[in-house]
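Everything below concerns the one structure shown next.
Residue numbers (the working numbering), protein chains in the order written: chain A, 9 to 101; chain B, -16 to 375.
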């Protein structure tokens, strides 16, 4: 009934520290809306004010970057794994 | 997708070199030819810090003939938790010099070229031109976009790694053979949205995990063995102890390596990445006090409300007496505003002044017009007011 979503360290403050959470299948837009309902504020870190994917956050369904698929309309089927990958710059000076 | 070797083999190895590299030489895929390629290779490591430390040590041990080190910073005690190329006796020395000495100790056959300067648009092309491959371990988005763009314009492979707390990422960007950094991340996050390691911390050993992936990829590219990480992003999660890769697609619309590139020469990277957001810069203009000003206000008994906008664990390490902890996230969400008194002047501070400037913009927008923030944050306080406190 659901899909797995990998949450990066930087966003785990929204999920109570959970590295992996579940959401129901649907389009990626549905999945993100469901995540935001369960974890308020998380959606706003992935989508901008206009509801588009932020340019410095990549979302993968399986191994595919959704920017090169159907974006937020990309279908996330049951059992699929969604990875949220933010740009980080640390190399530590 | 395997690629041809990046570097031609050197003419020969000396008897001493054969002895030293024997464990490489007996691997059929490396052999004498591969080791001679390493000997002839010129690799530049940008930053002798967290990622640069293990990268330089392993590249040196592997027998890369020429290693360039670019770093303008000096070794600080707080570096030693992860920057294993430096030692206690190096504290206060330039990192580039400290790295050179450590490399000489490991492998005297390596020629080290020091670039004791800050990489910028004026020097990057000339510096990179002398190398076959660039390994990047810097700590900010502006330098990473600068390194990427210079590599694309010069046609050099860019071995990239990045770390934060328990997460690491690594990839090989090489526009001639696959995607570049801008294909993966077209734009940097707005300042203040993604904390740096100085603000968010990093598990020291993570530098080794990601730095060694970068060296592995550099060796593979130089010698032309295996499947390079080009077109893939390696994602490491130390807490879950998982590595997985996702595909990185070359973006036909990429601003620098796409079909109709908008960027054909280097740009202003500070401006592109914004050191702080425009709102924060505007809010901070004319509303920034020094740590000494704050000390004077506290001594005079001024009726102020001092807010520390850092995270609870930072507050636990060291704090300014009398400060109330309200992390920056509560300003971004607006939740902090109801905790602010209407009848006192609001004074904000963080570690070094960036986060408090962002919070100041929120506070001013909410009508606290006389609010100010402390330039340089608690680090300035420690430096100028109370040096007995620990800096971190």
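All C-beta atoms, glycine included, are put in the ideal place defined by N, C-alpha and C.
| request: For residue 68(A), go through chain B and note every residue whose CB falls closer than 7 Å to its CB, in chain order. | output: Position 60 of the first chain, counted from the start, is the residue given in the question as residue 68(A). When 7 Å is used as the limit between beta carbons, residue 68(A) is near these residues of chain B: 229, in chain order.
| said: Give me the chain B residues within the contact set of residue 96(A), using Cβ-Cβ distance strictly less than 8 Å, ordered along the chain. | reply: Taking the first residue of the first chain as 1, we reach residue 96(A) at position 88. Simply 145, 146, 147, 150, 152 and 177.
| said: Can you confirm whether residue 91(A), when its beta carbon is compared against all beta carbons of chain B, has any partner nearer than 8 Å? | reply: Counting from 1 along the first chain, the entry for residue 91(A) is found at position 83. True, the Cβ-Cβ gap to chain B drops below 8 Å.
| Whose Cβ in chain A lies nearer than 8 Å to the Cβ of residue 168(B)? | Translated into the one-based positions of the second chain, residue 168(B) becomes position 185. Correct list: 63, 64, 66 and 95.
| field | Residue environment, residue 236(B), which counts as buried when at least 16 other CB atoms sit within 10 Å | value | For this step, residue 236(B) is matched to residue 253 along the second chain. Counting Cβ neighbours within 10 Å, residue 236(B) comes out exposed, since fewer than 16 surround it.
| field | Under 8 Å from the C-beta of residue 27(A): neighbouring residues of chain C | value | This model lacks chain C altogether; the protein chains it does include are A and B.
| task | Using a cut-off of 7 Å between C-beta atoms, extract the partners of residue 123(B) located in chain A. | result | Your numbering for residue 123(B) matches position 140 in the second chain. Those within 7 Å of residue 123(B) in chain A are 97.
| Would residue 101(B) be called buried (16 or more neighbouring beta carbons within 10 Å of its own) or exposed? | Here the question's residue 101(B) lines up with position 118 in the second chain. Looking at its Cβ environment, which holds fewer than 16 other Cβ atoms inside 10 Å, residue 101(B) is exposed.
| query | Taking the C-alpha atoms as reference points, what is the distance between residue 61(B) and residue 80(A)? | reply | Reading the second chain from its first residue, position 78 is the one you call residue 61(B). Reading the first chain from its first residue, position 72 is the one you call residue 80(A). Taking the straight line from one Cα to the other gives about 43 Å.
| request: Since I believe residue 201(B) is in contact with residue 135(B) (beta carbons under 8 Å), could you give me their beta-carbon distance rounded to a whole number of angstroms? | output: Here the question's residue 135(B) lines up with position 152 in the second chain. Here the question's residue 201(B) lines up with position 218 in the second chain. Between residue 201(B) and residue 135(B) the Cβ distance is about 18 Å, and since that is not below 8 Å, they are no contact.
| field | Given 8 Å, three or more beta-carbon pairs between the segment 11 to 21 of chain A and the segment 90 to 98 of chain A | value | yes
| said: Taking the beta carbon of residue 38(B) as the centre, do at least 16 other beta carbons fall within 10 Å, making it buried, or is it exposed? | reply: Here residue 38(B) corresponds to residue number 55 of the second chain, with the count starting at 1. Burial call: buried.
| Of the choices 30(B), 298(B) and 311(B), whose alpha-carbon is the least far from that of residue 99(B)? | Position 116 of the second chain, counted from the start, is the residue given in the question as residue 99(B). Nearest of 30(B), 298(B) and 311(B) to residue 99(B), Cα basis: 30(B).
| request: Run the CB neighbour count on residue 122(B), radius 10 Å, all protein chains shown included, and call it buried at 16 or more, exposed below. | output: Counting from 1 along the second chain, the entry for residue 122(B) is found at position 139. Residue 122(B) comes out buried.
| said: Helix, strand or coil for residue 225(B)? Go by DSSP, reduced to three states. | reply: Translated into positions along the second chain, residue 225(B) becomes position 242. In the structure shown, residue 225(B) sits in a strand (DSSP, three-state: E or B).
| field | the segment 28 to 51 of chain A: positions lying closer than 9 Å to chain B by Cβ | value | 28 and 49
| said: Is it buried or exposed, residue 78(A), if we count other Cβ atoms within 10 angstroms and call 16 or more buried? | reply: Reading the first chain from its first residue, position 70 is the one you call residue 78(A). So residue 78(A) counts as exposed.
| Going by Cα to Cα distance, which pick from 131(B), 78(B), 369(B) and 66(B) is closest to residue 275(B)? | The sequence position of residue 275(B) within the second chain is 292, counting from 1. Minimum Cα distance to residue 275(B) is reached at 369(B).
| field | Within chain A, the residues that residue 171(B) reaches when beta carbons sit closer than 9 Å | value | Counting from 1 along the second chain, the entry for residue 171(B) is found at position 188. Here the neighbours are 63, 64, 95 and 97.
| Taking the Cβ atom as the reference point for each residue, do residue 409(B) and residue 58(B) lie within a distance shorter than 8 Å? | The structure shown has nothing for residue 409(B), since chain B only spans -16 to 375.
| message | Taking its Cβ as the centre, do 16 or more other Cβ atoms sit within 10 Å of residue 4(B), making it buried, or is it exposed? | response | Translated into positions along the second chain, residue 4(B) becomes position 21. Classification for residue 4(B): buried.
| Amino acids of chain A, ordered along the chain, whose beta-carbon sits closer than 8 Å to that of residue 127(B) | For this step, residue 127(B) is matched to residue 144 along the second chain. By Cβ distance, chain A contributes 97.
| query | DSSP three-state call for residue 12(A): helix, strand or coil? | reply | Here residue 12(A) corresponds to residue number 4 of the first chain, with the count starting at 1. Residue 12(A) falls in the strand class under three-state DSSP.
| Should residue 360(B) and residue 334(B) be called a contact, given that it needs their Cβ atoms to be closer than 8 Å? | By 1-based counting over the second chain, the position of residue 360(B) is 377. By 1-based counting over the second chain, the position of residue 334(B) is 351. Closer than 8 Å, so yes.
| message | Quick check: what's the CA-CA separation for residue 149(B) versus residue 193(B)? | response | Position 166 of the second chain, counted from the start, is the residue given in the question as residue 149(B). Position 210 of the second chain, counted from the start, is the residue given in the question as residue 193(B). Cα to Cα, the separation comes out at about 11 Å.
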